[in-house]
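Okay, structure first, notes after.
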Amino acid sequence: MNIILQNIVSGLLVGGVYGLAALGLSLAFGVLKVLNIAHGELIMFGGYIAFFAFSAIGVDPFLSILIVFPVLVIFGLVLHGTLFTHIVRFEEEDRIKNSLLIGFGLTLILQTIAIQLFSADERSILTAYSSAGFELGGIRFPLIRLGALLLAIVSVVLLEIFLNRTWAGRALRATSENWQTAALNGINVRQTYFIAFGLAAGLAGLTGVLLATGFSVAPSIGLQWTLKALIVVVLAGLGSIRGALFGGLLLGVAEALSAYAFGSEYREIIGLIMFVIVLSVRPQGLFGGDHA
Amino acid sequence: MLKINQLEVAYGDIQVVWGIDLEVPPQSTVALLGPNGAGKTSSLLAMMSLLPIKAGAVQFKGEDISTKKTHEIVESGLVLVPEWRGTFATMTVLENLEIAAYTSKARPLQKQTLKEVFEIFPRLEERKMQKARTLSGGERQMLAIGRALMLQPELLVLDEPSLGLAPLIVDNIFDVIAAIKNRGVSILIVEQNVQLTLESTDYAYIIETGRIVQQGPSAELLKDDRVVEAYLSL
Amino acid sequence: MSRKVCLLLCSLLILVLAACGGEQAPETIQIGAVVPISGSLAGGGGQVERGYQIAVEDINAAGGIYVKEFDKKIPIELTLLDDESDPNKLVTLLESLNSDQKVVAYLGGFGSGQHAAAAAIAEKNKIPYIGVAFALYAPHGQGYKYLFSPFPKSQDMASDIFAMLNEYLPEGERPTRVAVFQEQTDWGVELGDLWREQAAAQGYEIVVYEEYSVGSSDFTDIILKAKEADAELLLSLPTPPDGITIQRQMAELDYTPKFQFTIRAPDVPTWKDLGEAGDYVALAPGWFYGMAYDGVAELNEKHMEMTDRPADPIVGPAYAAVQILADAIERAGSLDRDAIRDAIAATDMDTVVGPVTFREDGTGVVNAPILQYQHGTIELIYPSEFATAEMIYPIPPVSER
Amino acid sequence: MPKLTPRMIISLLIALALLLLPLITDDDNILTLLLLTFLMAGLASSWNILGGYTGQVNLGHAAFFGIGSLITRQMWLGGWPFALSMASGCVVAGLAAAVIGLPAFRLKGTYFAIGTLAMAEALRITIGNILPTVTNLPTEVIRNYELAPRYYLMLTAVLLIVAITIYLNNSKLGLGMMAVREDEDAARAVGVNVLRVKMIAFVMSAFLAGMIGGAYAFYFVSYYPNFTFGPLFSFDAITVLYVGGVGTVVGPLIGSVFFVILRDMLVKNLQGVHQLVFGLLFIVVVLVLPGGLVEAWDRIKQYVRINQSPTKNQHRETKAQTYPGENLH
């Protein structure tokens, strides 16, 4: 029994990372209607910044988010200003297509830069508390992964507050629903796009911190996490913020339980099949169409 | 107040507006009438910079706005209630109204205007916590107009406010429009409902296939044989 | 419009045809290598690249290889291309090395999948192929004549671990309860089967045998099963990212076997990032910079200049591959591919990885040292005659380090 | 049979040149490079039928390529005649699309795209678990390996797909597909059976991807069975098509030349930064030519015409052909 519970707990803890990975992608898609497949590469860069902040100047990874987030936001703004801003003027379908293509080119560029700067070897952060944890009813809670889940939850809560309580956040929600109507409300849509993309990049950076502390980062990890994030985003419903986290948690638990039931080599397959079934029953995703 | 000069609008290769002239003087209510597909909505969207202007100029308060961005135009006091109403379905009524006070001009007046809007549309206050998509058609039009008022318009442009509404509600909406006019706001109203519109406006233009075919004081057009034959005899 | 497009296609085609008919320089020996410099295998690919580069520099610094047929020393020209970890690109680049550079031999890249595809192309083009950094035996079972791999194979890795434990530990103290985490790939299956066989033959019992697929993000399930079964010896061969995650989660879930033998993942120099959590792991990268063979000290020195650390585990075998090839060319006395192939088969020489000969199937008879991370440094613990330190056993639990 | 236009003559000449090429050269490098160009062109063209003509973005195209190659390879190496193996590969790929299509077409737009991606990923991991070992051609086959027949098979497959797309351009079925792409409701209103058209396009697209997969299984000496299910085969097909020009016959052909041959040149000449340069070039193409490389010639023609025309009016006309909302920014 404990093994099942432990698996569920581990699934939840990993699911938090899935959710955070999906959060930025979902935000960018919701507001800009672009699918940035270089999202995983932004995650990768976030991970490297955290790694070097830790190994070079000894910054605790959970503190390094104060560096990683703004750096990635700025990076996102630059990327948007140079690349994606040129495609948001297209019709929605062309936006998705062109963003896929630009994202594809971007993945090649960012991976090369990463290999040149950081070498291709996997890097990981191990802090003094990396192996620490506590037991509760025979279930082990590793601190570092609890921290990851906490960061994911805090990110969602802060983002929700931002979206619901601030002018800029509401402008984001308005633009995600209909940019023309938003513009007729006096909202500077161009500026809103910048904010959304910058935030999405910042959230990708936070995910990178979690990868560096809980897994490892390497220049080629991007695609894997982009795919995972895409699946969570669609499972949750495109553009749903809270949904992205719940979707991530759900996928994490589903994977853990299927590993337990069918063997570890089938953990991802069951998750994917569950995803397809959910979609064919509820094509707009679990939390789609209810919340911006 | 608003002056449109030889405006041409095209979607790619397909031109839909062929050089229209139109003027809305201060403190007036002007109608732009015409059948479906005549180019009314396209003209309005081009005026608001939501469609590219192919040729011609748009002046608002003596200033050329044809190169300005939509949000700047709105900020300067030219506010459009679009044909698609322009409410945010996933937001509550209150949120819809609050977000509308987005411009720097409207923000400080938000509380005050909100009270006024609720006075004009008590229905909206009753439903202020409801999501906009749960509203009826008439309520949504009220919300759309209320939203526009939040923006402190100097010229309010209404695109087909009666579209798809029951006659009783249409009358109600036109009463509100009259009330808004009395608050000193100029109004440009685009309609297919010719009779009612002519009755409640000062001056009217008739547009057909992208060109102005007739214009004059509304009261005169109401009596004009051609207008009566084309639009009112049905 | 489309006519012009067709013209464009035509001219591009002509351009390509023209570009492909380059001349080769007669004053060098053309050797080709296709190595993953980008993509998921880039880490290992980088090690292979460094090994080749240093070796070619060393040989050319001495004037090149003496070729009897021309009675002079000819320098090596190594064309090293990036396959982006994609076997499709690997194959086209190998073909172009054949047609453009007319290479006399191929040097392999990294990763068993890449090698399997490359070896077949070498066989088809009848070009001798020396590949390191793959322990997979399967390609050698194909009867290829041009494939040579002076690198420990699964068979060695499967038996050595038990041989070492039996040699160092008296019966009764041995970690006889074994857990295998088997990656669901061909190498994983091959080695997993061999481990099963060897365990039974050497008096060990496999209590947990769990399969998983590459790239999983959570290994809680299999770790718990090993912990629950009280497995004393853990055998696995994860990729570096999987290995790092497994290592972390073992620490988090407080599972430490008495001994842990992990192939592949700890070979990367950045395993050190794991600090205490990655300590005491035994590994078999195929080579070790601390081995006292001729040329190792010089190799370490040159590697220091490039990367600030002694040679990485695959750098040595890659260096040796070039040594073996140069020796074979010299003995062949000609640049004929078949003559070189026969000379490689007859290899019997000392390299930076020690003495090397080849079996009939192209596998090398080479030393396969077992190493162990001990307090952050790597020590050689087996074979005993080369050992730089004693095996630490049982390894202390993470929580007590 | 339509009359021969100069454009058709040139196309035929190119096809002829490609057909004769193996007789002129035995340079495996050129043939391999062209073969891989055909592979990308074939994948992109087959994707085009569902993605370009019918407007359904399928991010799981690799699954059908993979199924085709898997079935062909397993049957062929199992002793069945190659032709039968390859035919079975195509049919099974097509059947798989028929099975997947019904639930998948409940999804629209991006949901369909990601849904198909998930399906392909599930297949990829499953195949990797069931068949983890590398599949080699028998050593005897490798020793006597001839590239020319592989080249011809791949070329024939691509020509067949191109012929089908040309047919689609002029057929009622093709019109139905394009109607679905432009506006499903409108298509339904004029009597197009939307689901049926989508299903036909999906099955055709998958069948042809399976055919390319079969040719790949015949060509490639050694690969992991799940390799052909990898997401990059889907993404590459799509990028090739978009960079060439979507919904056109020549688009995928030009795109694949750009994608395979240019990339190959960069790899050989710009070691270390080739990916970066390719990525940059790629982005430039996308930003400058949103309609793909086929648009390049249209642009040049238009530019020439404008500069020659005496009135400025025409110039302004082309400038106004922007996308709605451009003024906004």
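Chains as they are written, first to last, in our numbering: chain E, 1 to 292; chain B, 1001 to 1234; chain G, 2001 to 2401; chain P, 3001 to 3329.
All residues carry an ideal CB built from backbone N, CA and C; glycine is no exception.
All values derive from a computational prediction rather than experimental measurement.
When C-beta atoms of the region 3185–3195 of chain P are compared with those of the region 3049–3068 of chain P, fewer than three pairs fall below 8 Å, so the two segments do not count as touching. Boundaries of the beta strand (DSSP E) harbouring residue 2106 of chain G: 2105–2107, taken from the DSSP string.
Neighbourhood of residue 2213 of chain G in chain E, by CB distance below 9 Å: 264, 265, 266, 267, 268 and 269, in chain order.
The closest CA to that of residue 3061 of chain P, considering only P/3027, P/3081, P/3040 and P/3080, is found on P/3040. Spanning the alpha carbons of residue 3005 of chain P and residue 3297 of chain P requires a straight line of approximately 18 Å.
Taken through DSSP and simplified to helix, strand or coil, residue 2344 of chain G comes out as helix.
Residue 1048 of chain B and residue 1070 of chain B have their C-alpha atoms some 6 Å from each other.
Distance from the CA of residue 65 of chain E to the CA of residue 53 of chain E, rounded to the nearest whole angstrom, comes to 10 Å. Residue 3057 of chain P is positioned such that its CB atom lies no closer than 8 Å to that of residue 2121 of chain G. For residue 1018 of chain B, the three-state secondary structure derived from DSSP is strand. Close to chain E, meaning a Cβ-Cβ distance shorter than 7 Å, is no residue of the region 2312–2336 of chain G at all.
Inter-residue distance for residue 2320 of chain G and residue 3125 of chain P is about 36 Å (C-alpha atoms, whole angstroms). In terms of Cβ geometry, residue 2270 of chain G and residue 173 of chain E do not form a close pair [threshold 8 Å]. When DSSP states are grouped into helix, strand and coil, residue 2374 of chain G belongs to the strand group. Considering only B/1017, B/1156, B/1214 and B/1059, the residue with the shortest C-alpha distance to residue 1027 of chain B is B/1156. By the Cβ rule, the region 2234–2241 of chain G counts as touching the region 2171–2186 of chain G, because three or more pairs are nearer than 8 Å. Residue 1189 of chain B and residue 227 of chain E have their C-alpha atoms spaced approximately 49 Å apart.
The beta carbon of residue 3113 of chain P sits closer than 8 Å to the beta carbons of 3057, 3058 and 3059 from its chain, once the five residues preceding and following it are set aside; these are given in chain order. Considered as a whole, the region 1144–1197 of chain B harbours 1155–1159 and 1186–1191 as its complete beta strand (DSSP E) runs of no fewer than 3 residues, in chain order. If you draw a straight line from the Cα of residue 2244 of chain G to the Cα of residue 2255 of chain G, it is about 15 Å long.
Contact between residue 2324 of chain G and residue 2130 of chain G holds: their C-beta atoms lie close to 6 Å from each other, under 8 Å.
Each residue's CA atom was taken as its position, placing residue 2143 of chain G and residue 3038 of chain P some 32 Å apart. In chain order, 2087 make up the part of chain G whose C-beta sits under 7 Å from the C-beta of residue 3227 of chain P.
For residue 2093 of chain G, a Cβ of chain P is located within less than 8 Å of the residue's own Cβ. The beta carbon of residue 94 of chain E sits closer than 8 Å to some beta carbon of chain P. Among the bridge pairs identified by DSSP, residue 2262 of chain G is matched with G/2236.
Burial is judged here by how many other beta carbons sit within 10 angstroms of a residue's own beta carbon; residue 3146 of chain P has fewer than 16 and is exposed.
Closest by C-alpha distance to residue 2160 of chain G, out of G/2389, G/2331 and G/2285, is G/2285. For a Cβ distance threshold of 8 Å, nothing in chain E lies close to residue 1121 of chain B: the least Cβ distance comes to about 18 Å.
Between the region 1015–1027 of chain B and the region 1204–1215 of chain B there are three or more inter-stretch CB-CB distances shorter than 8 Å, so the stretches are counted as touching. Per DSSP, the unbroken alpha helix (DSSP H) holding residue 226 of chain E starts and ends at 222–236. Taken through DSSP and simplified to helix, strand or coil, residue 2171 of chain G comes out as coil. Restricting attention to alpha helix (DSSP H) runs no shorter than 4 residues, the region 3201–3269 of chain P encloses them at 3231–3244, 3251–3256 and 3263–3269, ordered along the chain. Around the C-beta of residue 3167 of chain P, fewer than 16 other C-beta atoms lie within 10 Å, and the residue is accordingly described as exposed.
Within its own chain, the residues whose Cβ lies closer than 6 Å to the Cβ of residue 1004 of chain B, once the five positions on either side in sequence are excluded, are 1022 and 1058, listed in chain order.
Rounded to the nearest whole angstrom, the CA to CA distance from residue 3098 of chain P to residue 2036 of chain G is 38 Å.
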